Structures are given as C-alpha cells and as structure tokens.
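Undergrad:
Chains as they are written, first to last, in this note's numbering: chain A, 2 to 145; chain Y, 736 to 814.
(1) When you compare each of 769/Y, 760/Y, 777/Y, 782/Y to residue 807/Y by their alpha carbons, which one comes out closest?
(2) Please classify residue 754/Y: does DSSP put it in a helix, a strand, or coil?
(3) Taking the C-alpha atoms as reference points, what is the distance between residue 136/A and residue 71/A?
(4) Output, in chain order, the set of chain Y residues within a Cβ distance shorter than 9 Å of residue 69/A.
(5) Kindly list, in the order they appear in chain A, the residues whose Cβ is closer than 8 Å to that of residue 786/Y.
(6) Please give the ranges of any alpha helix (DSSP H) in the stretch 25–73 of chain A, keeping only runs that are unbroken, at least 4 residues long and fully inside the region.
(7) In or out: residue 67/A buried (at least 16 other Cβ within 10 Å) or exposed?
(8) In the DSSP assignment, find the alpha helix (DSSP H) that holds residue 118/A and state where it starts and stops.
(9) Does DSSP classify residue 2/A as helix, strand or coil?
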C-alpha cells in the first residue's frame with residue numbers, strides 16, 4: 002500500500018480511479034453505495050476536432066473551493082466520505098480530467114451527491130479550459 | 736501596491752498574467768476595476784467574477800488594503 006493521498010487534489014499527473022475508490026472504501030465499512038464521475042477530454046467540440054486541452058487555475062482559491070465543495074457534499078447528502086481530483090496542464094484527447102467519488106450507506110445519496118459535486122465544481126472552482134484545434138487555440142465558453 | 740492576477744481568457748486578452756497597481760487610501764474593488772477596464776476593455780468584457788485574497792468578492796464596494804491580491808475572472812470552465 003502506498004501512502005494515503007489527500008481526498009481533494011489538483012495535480013498535473015494522471016490518477017488511478019481504482020486507487021481513489023479503494024481509498025474511499027477504506028474510510029468506512031458502512032458504505033453500501035459508491036458513485037463515481039470521470040470527466041474526460043473529448044476529441045471533438047463545437048464542430049471542431051480537438052487534439053488536446055489545457056487548464057489554467059487560480060490554485061490559491063481552487064483548492065480551498067474544492068475542499069469546501071467536498072465538505073458541503075458530505076454534510077448535504079449525509080455521505081460517509083467523498084474524493085475529488087482535478088488535473089491541470091496539457092491533457093490529450095481521451096485522457097482523464099476530473100474524478101469524483103462519493104460514498105454513502107445507500108446508492109441514492111451517493112449518486113445525487115456525485116452529480117451535485119460536478120455541477121457545483123463547474124460553477125465555483127476557478128479553473129479555465131483551452132482547446133487546441135487545427136484552427137488554433139481557444140478558451141472554452143462555459144455551458145449552462 | 737495591489738497585485739492583480741489574471742488567468743485563462745482574461746490573461747490572454749490582457750497579454751499578461753499579472754499587473755501591479757499603486758494602492759490609494761479608500762480604494763474599493765470597483766475603483767480598481769474602473770481604473771483597469773478602459774486600459775483592457777476586451778479582457779474586462781469577459782470578467783464576471785472577482786476574488787480578493789483568494790475569496791469570492793461579490794460586493795464591488797469591498798474596501799481594498801495595501802498589499803492585497805485581486806483576481807478578475809471570466810466564467811469558469813473546469814471539469
């Protein structure tokens with residue numbers, strides 16, 4: 002077993018979904034439902050091919066916002082635990098960007114919390130995405 | 736001195752990721768925006784959020800202190 006990683010992280014390198022789920026499970030044997038969300042880089046967006054995307058973040062604010070988001074999700078959905086990892090830097094099409102795992106006694110709160118966390122992350126965490134296409138680079142305008 | 740940090744599309748339009756502005760007594764967030772906006776109108780057309788010292792600042796009348804860090808941000812697009 003490697004050393005336990007923080008439940009909320011911003012990092013350049015890829016992550017292991019298995020490792021994150023195992024770390025979540027290790028926090029409680031009462032966990033009957035675990036939901037996960039994996040956000041990936043698409044190779045097509047707004048009618049254009051995308052070869053890679055890159056992220057810029059205001060890390061001083063992004064990490065505390067993500068920590069707050071996890072704490073709020075645990076409180077709001079009575080989760081046993083939750084984990085949240087977001088990558089920065091250059092990410093090629095098909096690679097992983099963000100991972101969320103939520104654990105609760107039953108499936109419904111785990112699923113609801115997972116959806117809520119990714120929706121809130123998009124609204125609240127200061128991270129910006131730039132797509133590289135054959136026509137050049139452009140920053141992404143957020144979807145509702 | 737007030738440090739202004741810029742990220743993503745706002746930084747691209749300003750052409751810099753950091754600006755420094757002389758602090759003046761009684762300065763509020765709106766005063767700072769009003770000073771910078773005419774210099775970088777294309778960048779500020781994207782700005783919809785601000786943060787002071789790492790915290791969301793929703794009140795533009797928020798008083799600034801010498802040495803503080805301000806970020807003018809466009810809508811987020813993480814995840």
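Here a beta-carbon is modelled for each residue, glycine too, at the ideal position from N, C-alpha and C. Given the structure is predicted, the values throughout are model-derived calculations rather than measurements.
TA: Taking the structure as given:
(1) Taking the second chain and counting its residues from 1, one reaches residue 807/Y at position 72. Checked all of 769/Y, 760/Y, 777/Y, 782/Y; the closest Cα to residue 807/Y is 782/Y.
(2) For the purposes of this step, residue 754/Y is taken as residue 19 along the second chain, with counting starting at 1. Residue 754/Y: strand per DSSP, three-state reduction.
(3) The sequence position of residue 136/A within the first chain is 135, counting from 1. The sequence position of residue 71/A within the first chain is 70, counting from 1. Linking residue 136/A to residue 71/A through their CA atoms gives a straight-line distance of about 38 Å.
(4) For the purposes of this step, residue 69/A is identified with residue 68 of the first chain, where counting begins at 1. None at all; the shortest Cβ gap to chain Y is about 11 Å.
(5) Residue 786/Y sits at position 51 when you count from the first residue of the second chain. Simply 59, 62, 127.
(6) none
(7) Indexing the first chain from 1 puts residue 67/A at position 66. Flag for residue 67/A reads buried.
(8) Reading the first chain from its first residue, position 117 is the one you call residue 118/A. Secondary structure note for residue 118/A: its alpha helix (DSSP H) is the uninterrupted segment 108–125.
(9) Your numbering for residue 2/A matches position 1 in the first chain. Per-residue confidence for residue 2/A stands at a pLDDT of 49, beneath the threshold of 50, marking its modelled position as unreliable; the derived number appears in the next sentence. If DSSP states are grouped into helix, strand and coil, residue 2/A belongs with coil.
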